[in-house]
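> Numbering (the numbering used here), first residue to last: 4 to 392.
Let me give you the structure first, and then I'll get to my questions.
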C-alpha cells in the first residue's frame with residue numbers, strides 16, 4: 004500500500020500494475036509478468052481484449068447507466084444469451100459474485116417462507132467460499148474470514164464437501180432445510196475437485212428432498228473448467244446458479260440464474276440493484292460471451308488445461324514437497340506439504356503472477372486463450388521455483 008488514504012484490509016502490496024495485453028501485464032517499473040491468475044479468474048480473455056475494449060468504448064460513448072427503472076436492451080440480450088447457454092429460465096443481474104449469492108440465499112428464504120417454514124435453512128459446505136457480505140460470509144466455511152464479524156446470520160447448517168451421506172443424515176434430522184449451496188469445485192478452499200458422480204448424486208438427493216440445488220459458479224463458470232458452466236460436465240441442471248468473475252472480463256457484473264422451481268419467487272419490489280445489469284456492464288458481458296463462443300474457448304480451456312495438468316504433473320509431481328497436482332480445465336492447483344504463501348513473491352520475481360490459497364495450494368487461473376508457448380513458460384518457471392526450495 005502506497006497511500007494512507009486506503010483502508011489497510013489488503014495489507015502491503017509491492018507491485019503496481021499499469022497495463023496489460025493478453026496473458027501479460029506490466030508494472031510501473033517496466034517489468035513484465037505472465038499473469039497466471041487473471042485477476043482471480045476474471046480476465047478469462049486476457050487483458051485489453053480488442054472486442055471487449057471496443058464494446059466498452061462504444062457503450063461508454065452512448066449510455067453507461069440508466070437504472071432498472073427502464074428497459075435495458077443489453078441486459079435483455081445478455082439474459083437471452085445466458086438462458087440459451089445454461090438451459091435455465093430467468094436472470095437477475097447484479098454487480099458481483101457475493102451479490103449473486105445473496106440473491107440465491109434470498110430465493111431459498113422466500114421458498115421456505117412460502118412453505119411455512121419458520122427458519123428456512125440452507126446447507127453449505129466446509130472450506131467453501133461464497134463472498135464477504137454478512138450472509139455469504141456465514142455461508143463461507145472459513146472461520147478466519149468470519150472472525151470479528153459476529154453475530155453471523157442464522158439459517159445455515161454445514162456439511163463436509165464431497166460427502167453425500169452426511170447430507171442424507173442432515174435430511175433425516177432437519178426438516179427446515181430448503182436448499183443446498185455449493186461450489187462445484189472449491190476455489191478458495193484449495194481447488195478441491197469432487198468425484199465424477201458427485202453433482203449427479205446431489206441432483207438426485209435434492210429432487211428426493213425437494214430442496215433447491217444452488218450452484219456457486221462464480222469462479223468455475225464462463226468457460227473456466229472446459230464447459231461454459233461446470234455442471235454441464237455432469238449433464239444435470241441446477242435450480243439456481245450464480246456466476247460473475249469471468250462474465251465481464253474485468254467489468255464488474257454478476258448474475259443469478261434460475262430454473263422452474265425458483266423463477267417465479269421474485270416479484271416486483273422484492274429485490275433490486277441500482278447498478279446491476281447496466282448498459283456498460285452488459286455490453287462487456289455480451290462481448291465476452293461472444294468471444295468465448297466464437298473462438299471455442301471452452302474447448303481451448305479443456306485442451307490447454309489437460310496439457311498443463313500433464314506437464315505440471317510430470318515436472319512437479321515427483322517432488323518431495325508436492326502432494327498433488329489437480330484441477331479441471333484452466334482451474335488448477337498444486338498442493339504443497341507446507342504453507343507456501345512466500346512463493347507468490349518469489350514467483351513474481353521470476354516474472355510470474357500466481358496465487359496461494361488455503362495456505363498451501365498454488366492456484367493457477369490463466370486466461371482461457373493462453374498459448375502453448377505461454378503455458379510452457381508457466382511450467383518452466385514453476386519448475387525452477389519449486390526445485391530451488
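Glycine included, each C-beta is placed from N, C-alpha and C at the ideal position.
Under DSSP, the beta strand (DSSP E) around residue 331 begins and ends at which residues?
Looking at the DSSP string, the run of the beta strand (DSSP E) that includes residue 331 is 325-331.
> Helix, strand or coil for residue 160 per DSSP?
DSSP places residue 160 in strand when its eight states are reduced to three.
> Would you say the beta carbon of residue 379 is closer than 7 Å to some non-hydrogen atom of the ligand SAH?
As for the ligand SAH, it is missing from this structure, which has no ligand bound.
> Just the Cα atoms here: how many angstroms apart are residue 169 and residue 162?
Roughly 6 Å between the two C-alpha positions.
> Touch check for the stretch 287-303 and the stretch 55-70: three-plus C-beta pairs under 8 Å?
Touching, yes, given that three or more Cβ pairs across the two stretches are closer than 8 Å.
> Quick one: complete alpha helix (DSSP H) runs, 4+ long, within the stretch 74-119?
Fully enclosed alpha helix (DSSP H) runs of 4 or longer: 76-89 and 100-117.
> In three-state terms, what does DSSP make of residue 173?
Helix.
> When you compare each of 17, 94 and 44 to residue 269 by their alpha carbons, which one comes out closest?
Selected option, being the one with the closest Cα: 94.
> Judging by CA-CA distance, which residue of 227, 20 and 293 is the nearest neighbour of residue 45?
Among 227, 20 and 293, the Cα nearest to that of residue 45 belongs to 227.
> With 16 other CB atoms within 10 Å as the buried threshold, where does residue 17 fall?
Exposed.
> My assumption, with CB atoms under 8 Å, is that residue 144 sits in contact with residue 127. Please give the rounded CB distance.
With a Cβ gap of about 7 Å, residue 144 and residue 127 count as contacting.
> Leaving out five residues on either side along the sequence, give the residues of the same chain with a beta carbon under 8 Å from the beta carbon of residue 382.
Result list for residue 382: 311, 314, 315 and 318, in chain order.
> What first and last residue would you give for the alpha helix (DSSP H) that runs through residue 231?
That residue, residue 231, is in no alpha helix (DSSP H); it is neither H nor E in DSSP.
> Can you tell me whether residue 13 is helix, strand or coil according to DSSP?
Residue 13: coil per DSSP, three-state reduction.
> Helix, strand or coil for residue 338? Go by DSSP, reduced to three states.
It is a strand residue.
> How many Å lie between residue 91 and residue 219 at the Cα?
Using only the alpha carbons, I get a separation of about 14 Å.
> Decide if residue 339 is buried, meaning its Cβ has at least 16 other Cβ atoms within 10 Å, or exposed.
It is buried - the Cβ of residue 339 has at least 16 other Cβ atoms within 10 Å.
> Are the beta-carbon atoms belonging to residue 304 and residue 332 less than 8 Å from one another?
Yes, they are a contact pair.
> What are the partner residues of residue 36, as DSSP defines its beta bridges?
Note: residue 36 sits in a beta bridge opposite 28.
> Straight-line CA distance for residue 187 to residue 71?
Their Cα atoms are separated by approximately 31 Å.
> State the start and end residues of the unbroken beta strand (DSSP E) segment that holds residue 259.
Element bounds for residue 259: 257-261.
> Ordered along the chain, which non-local residues of its own chain (more than five positions away) have a Cβ less than 7 Å from that of residue 19?
Correct list, in chain order: 30 and 31.
> For residue 105, count neighbouring C-beta atoms within 10 Å of its own C-beta (all shown protein chains included) and say buried if the count is 16 or more, exposed if not.
Its Cβ being crowded by 16 or more others within 10 Å, residue 105 is buried.
> Looking at the unbroken alpha helix (DSSP H) that takes in residue 284, where does it start and where does it end?
Looking at the DSSP string, the run of the alpha helix (DSSP H) that includes residue 284 is 282-297.
> On a Cα-Cα basis, can you pick out the residue from 328, 117, 154 and 102 that is closest to residue 134?
It is 102.
> Use the C-beta contact count for residue 10: other C-beta atoms within 10 angstroms, 16 or more gives buried, fewer gives exposed.
Flag for residue 10 reads exposed.
> From the DSSP secondary-structure annotation, give me the bridge partner or partners of residue 217.
184 and 243.
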